[in-house]
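The structure under discussion appears below in the form of structure tokens.
Numbering (this note's numbering), first residue to last: 58 to 323.
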């Protein structure tokens, strides 16, 4: 009988709490860097026409398929800013940025497949994580109206569901576990499937059957306070013994500063 291959997984909270301005050492990634850019979407409404100029015809058509204008505006904002960020790190002109998609429709940059990124959005915020390692990001608005208790048996193991139900802050406990699972599956490129329930979400160190993950890499998952009433989680490929530099920066909401991110004039 062959030995089962396992992957190591570490899950915990991170002390990353507040966003800062983009640093002077602009747009350079060390191997241990995880950079998360935050976008407060209402601040970008007036930039819709400017940002839409940086989208392809296909992206514009996709934005027009949304039923609500607010959803159209959100897509234009975070898609254009994603291209600004990728241009900054790849040193490409925006018009030379082309995406392809893996088997699970996760996008990647054709010219720079080593430049990993992931996008998440919820209510008034969007966020973009970028790294040299495979990365997944999830942010969630912790709604008082969402009746999540009925979901517990379907998406959590018994131990996880019990810990959520016994928590002094059930809502925070639910969103902590949910965002961790969501960030992890996004990093894996799996999507939410029948394995979602089997992925750990509580603090600790785990050995997981590699067939469940569909790869043999090791992983870390960190929760962090994203904004008031928002919780985030980021998952990335690496052994638990290696510490990552996780930084949270705010995207400026004016075109002059956004254009300064570009390596050359578009």
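We put the beta carbon where it would ideally sit given N, CA and C, even for glycine.
Using a threshold of 9 Å, state whether the C-beta atoms of residue i and residue j are closer than that.
| i | j | result |
| --- | --- | --- |
| residue 287 | residue 196 | yes |
| residue 256 | residue 242 | yes |
| residue 304 | residue 92 | yes |
| residue 177 | residue 289 | yes |
| residue 318 | residue 79 | yes |
| residue 90 | residue 188 | yes |
| residue 109 | residue 127 | no |
| residue 213 | residue 254 | yes |
| residue 130 | residue 101 | yes |
| residue 291 | residue 230 | no |
| residue 234 | residue 62 | no |
| residue 157 | residue 165 | yes |
What's the C-alpha gap between residue i and residue j?
| i | j | result |
| --- | --- | --- |
| residue 220 | residue 208 | 14 Å |
| residue 284 | residue 198 | 9 Å |
| residue 307 | residue 139 | 13 Å |
| residue 293 | residue 194 | 9 Å |
| residue 58 | residue 264 | At residue 58 the pLDDT is 38, less than 50, meaning the model places this residue with poor confidence; the figure from the coordinates comes in the next sentence. If you take the alpha carbons of residue 58 and residue 264, they lie about 19 Å apart. |
| residue 107 | residue 251 | 42 Å |
| residue 125 | residue 118 | 14 Å |
| residue 262 | residue 65 | 7 Å |
| residue 320 | residue 105 | 22 Å |
| residue 205 | residue 132 | 26 Å |
| residue 94 | residue 215 | 35 Å |
| residue 273 | residue 122 | 38 Å |
| residue 227 | residue 203 | 12 Å |
| residue 190 | residue 116 | 26 Å |
| residue 159 | residue 99 | 31 Å |
| residue 96 | residue 270 | 30 Å |
| residue 73 | residue 111 | 31 Å |
| residue 185 | residue 275 | 22 Å |
| residue 232 | residue 244 | 18 Å |
| residue 314 | residue 151 | 16 Å |
| residue 143 | residue 183 | 16 Å |
| residue 87 | residue 238 | 26 Å |
| residue 211 | residue 218 | 10 Å |
| residue 201 | residue 222 | 16 Å |
| residue 77 | residue 310 | 14 Å |
| residue 135 | residue 236 | 20 Å |
| residue 192 | residue 114 | 28 Å |
| residue 103 | residue 181 | 15 Å |
From the DSSP secondary-structure annotation, give me the bridge partner or partners of residue i.
| i | result |
| --- | --- |
| residue 261 | 68 |
| residue 307 | 95 |
| residue 227 | Residue 227 is not bridged to any residue. |
| residue 185 | 94, 176 |
| residue 206 | BP columns for residue 206 are empty, so no partner. |
| residue 280 | 70, 290 |
| residue 233 | Answer is none; residue 233 lacks a bridge partner. |
| residue 63 | 266 |
| residue 77 | 306 |
| residue 193 | 292 |
| residue 198 | 287 |
Given 8 Å, three or more beta-carbon pairs between the region 145-154 and the region 167-175 | The region 145-154 is in contact with the region 167-175.
Hey, is the region 266-279 in contact with the region 64-75, meaning 3+ C-beta pairs nearer than 8 Å?
-> Yes, the region 266-279 is in contact with the region 64-75.
At 3 residues or longer, and completely inside the region 131-171: list those beta strand (DSSP E) runs for me, N to C.
-> When DSSP assignments are scanned along the region 131-171, the uninterrupted stretches of beta strand (DSSP E) that are 3 or more residues long and fall wholly within it turn out to be 156-158, 164-166.
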